[in-house]
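Take a look at the structure set out below.
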Amino acid sequence: MKIVAADIIVSSPDRNFVTLKITTDEGITGLGDATLNGRELSVASYLRDHVAPLLMGRDPHRIEDTWQFLYRSAYWRRGPVTMAAIAAVDVALWDIKAKAAGMPLYQLLGGASRTGIMAYGHASGRDIPELFDSIRRHLDEGFRSIRVQTSVPGINAVYGVAAQPSATGQRYDYEPAQRTPLPVEEDWDTRAYLRHLPQVFEAVRSEFGPELPLLHDGHHRMTPIQAAKLGKALEPYDLFWLEDCTPAENQEALRLVRQHTTTPLAIGEVFNTVWDYQTLIREQLIDYVRSAVTHTGGITAMRKLLDFAAQYQIKSGIHGPTDISPVGMAAALHLDLAIHNFGIQEYMKHTPLANEVFRQSFTFTDGYLHPGDQPGLGVELDEEAAARFPYEPAYLPFNRLKDGTVHDW
40 MKIVAADIIV SSPDRNFVTL KITTDEGITG LGDATLNGRE LSVASYLRDH
90 VAPLLMGRDP HRIEDTWQFL YRSAYWRRGP VTMAAIAAVD VALWDIKAKA
140 AGMPLYQLLG GASRTGIMAY GHASGRDIPE LFDSIRRHLD EGFRSIRVQT
190 SVPGINAVYG VAAQPSATGQ RYDYEPAQRT PLPVEEDWDT RAYLRHLPQV
240 FEAVRSEFGP ELPLLHDGHH RMTPIQAAKL GKALEPYDLF WLEDCTPAEN
290 QEALRLVRQH TTTPLAIGEV FNTVWDYQTL IREQLIDYVR SAVTHTGGIT
340 AMRKLLDFAA QYQIKSGIHG PTDISPVGMA AALHLDLAIH NFGIQEYMKH
390 TPLANEVFRQ SFTFTDGYLH PGDQPGLGVE LDEEAAARFP YEPAYLPFNR
440 LKDGTVHDW
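The opening position of the sequence shown corresponds to residue 40 in the numbering used here, with each subsequent residue numbered one higher.
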């Protein structure tokens with residue numbers, strides 16, 4: 040079997056997605072997600088101009104060899120653009136291999152280690168009553184683990200709050216990358232956030248009890264000592280995890296956080312290689328790996344990363360918002376089902392337009408996801424539907440402090 044075509048499809052059914060479609064001389068096709076939110080065309084160009092020509096004539100079954108070739112032969116390594124491109128190729132090749140074998144992809148990864156994949160949903164509110172309503176809606180939809188995000192008094196816009204105003208009129212948490220000529224400027228005040236958040240979790244626990252798993256995303260906005268303070272303050276409310284409490288490019292910063300709190304920590308949605316985690320995993324400074332299959336070199340690289348984490352009893356918590364396409368989501372689910380050290384899976388439902396472009400077989404029932412048993416990933420791309428939704432430029436917001444200083448969003 041040989042690769043005879045590699046097509047890059049950029050489509051925007053409510054938000055931008057980049058999809059790689061690899062075709063073999065036997066007519067088998069494989070899909071890979073190459074979406075990098077706010078920088079989509081950079082990956083599309085990398086694939087179209089630099090990677091696709093290298094794939095022609097290659098054996099699609101040589102997945103590891105192709106991964107190493109794309110990573111090492113470019114000389115320039117790592118980075119989100121490179122690793123998203125490699126991930127798209129890798130996942131598409133796994134899709135082809137599983138279709139050729141007539142099996143769902145997870146069977147080629149060792150088979151199922153569980154019957155379902157526990158997912159958490161995104162609840163949010165501009166105030167406590169609205170937050171409670173959102174939590175109840177998610178529970179009614181079947182979620183059994185809930186991420187809690189809330190507005191903060193004195194701050195105009197906060198990441199992850201669905202109902203706050205958006206420049207484009209879309210749900211803010213569904214697509215914060217807004218279709219505006221320049222990135223939208225938002226404001227931030229860490230001290231106000233640190234004062235407010237423990238009160239929110241006290242109210243949520245009082246209303247919904249001690250059993251419901253609760254998560255929260257700090258979104259990189261705190262210094263290490265601020266993150267330690269928040270983790271300590273949230274300990275009475277027994278969080279499942281506190282995510283991205285501080286920018287973790289400085290891996291040693293997590294030593295300080297870990298010294299001061301037993302709140303479980305999740306890190307890594309902006310990471311793209313195992314090297315970003317080396318200290319964090321080896322010194323057991325985190326509890327959950329948050330990388331996306333789409334941004335971390337694909338199934339091949341993520342499996343190795345999670346096997347490394349397993350040696351230290353660190354579990355998976357794969358990134359799964361709506362800027363991961365249904366192709367990337369399916370890849371995550373097959374990996375979730377197969378690995379032993381699974382923790383939890385983030386899940387935001389895609390819109391009807393996205394589901395029209397990407398036909399999926401994965402299911403969500405009673406709080407658990409399953410990738411389905413169709414051969415391959417179980418996702419098919421409707422190219423005619425995709426063509427109806429051309430790319431639209433969009434940028435993620437950014438924060439400034441009260442004095443005008445640019446801050447992490």
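Just so it is clear, CB atoms sit at the ideal spot from N, CA and C, and this is done for glycine as well.
Taking DSSP as the reference, what is the three-state secondary structure of residue i?
i: H235; result: helix
i: N195; result: coil
i: P143; result: strand
i: W314; result: helix
i: Q107; result: helix
i: K271; result: helix
i: R297; result: helix
i: M157; result: strand
i: L304; result: strand
i: L178; result: helix
i: T285; result: coil
i: I48; result: strand
i: Q399; result: strand
i: R244; result: helix
i: I264; result: helix
i: I42; result: strand
i: D405; result: coil
i: T74; result: coil
i: W115; result: coil
i: M122; result: helix
Expressed to the nearest angstrom, what Euclidean distance is found between the alpha-carbon atoms of residue i and residue j?
i: R398; j: A424; result: 11 Å
i: K138; j: L144; result: 8 Å
i: G450; j: A305; result: Only positions 40 to 448 of the chain appear in this structure, which leaves residue 450 out of reach.
i: R244; j: E282; result: 19 Å
i: A331; j: D375; result: 12 Å
i: G336; j: W133; result: 13 Å
i: H409; j: R117; result: 31 Å
i: L273; j: I185; result: 16 Å
i: A44; j: A73; result: 17 Å
i: H177; j: A158; result: 11 Å
i: P391; j: G257; result: 29 Å
i: P252; j: R230; result: 26 Å
i: V396; j: S364; result: 10 Å
i: L15; j: L147; result: There is simply no residue 15 to check, as the chain begins at 40 and stops at 448 in what is shown.
i: D326; j: E65; result: 44 Å
i: Y407; j: K441; result: 42 Å
i: R329; j: V57; result: 21 Å
i: D179; j: S173; result: 10 Å
i: I102; j: I338; result: 10 Å
i: P168; j: Q203; result: 14 Å
i: G149; j: R342; result: 11 Å
i: K354; j: G382; result: 5 Å
i: H373; j: D46; result: 24 Å
i: H379; j: L221; result: 44 Å
i: V366; j: N438; result: 31 Å
i: F108; j: Y85; result: 15 Å
i: V296; j: Q323; result: 12 Å
i: H255; j: W280; result: 7 Å
i: P360; j: E385; result: 7 Å
i: E291; j: E308; result: 18 Å
i: D228; j: A216; result: 21 Å
i: A377; j: G443; result: 47 Å
i: D53; j: M142; result: 32 Å
i: G199; j: M40; result: 45 Å
Which residues does DSSP pair with residue i in a beta bridge?
i: F171; result: Answer is none; F171 lacks a bridge partner.
i: G164; result: T189
i: H100; result: Partner(s): none; H100 has no beta bridge.
i: L374; result: Answer is none; L374 lacks a bridge partner.
i: E385; result: Y159
i: V57; result: V49
i: Q217; result: Y434
i: R439; result: D226 and V445
i: L253; result: I185
i: E419; result: R398
i: G69; result: I61
i: W280; result: L254
Cβ of residue i versus every heavy atom of the ligand ATP: is any distance shorter than 7 Å?
i: T189; result: This structure lacks the ligand ATP, and indeed carries no ligand of any kind.
Let me know the alpha helix (DSSP H) ranges lying completely inside the segment 326-364, each 4 residues or longer, listed in chain order.
-> DSSP runs (the alpha helix (DSSP H)) wholly in the segment 326-364: 337-349.
On the three-pair Cβ rule with 8 Å, is the segment 186-199 touching the segment 230-249?
-> yes
For the 8 Å Cβ check, are there 3 or more pairs between the segment 342-354 and the segment 316-326?
-> yes
Is the number of C-beta pairs between the segment 114-131 and the segment 78-87 that are closer than 8 Å three or more?
-> yes
With contact counted as at least three CB pairs below 8 Å, one residue from each stretch, are the segment 147-166 and the segment 89-102 in contact?
-> Counting Cβ pairs under 8 Å, fewer than three are found: no touch.
Give a yes or no on contact between the segment 294-311 and the segment 259-266, applying the rule of three or more CB pairs nearer than 8 Å.
-> yes
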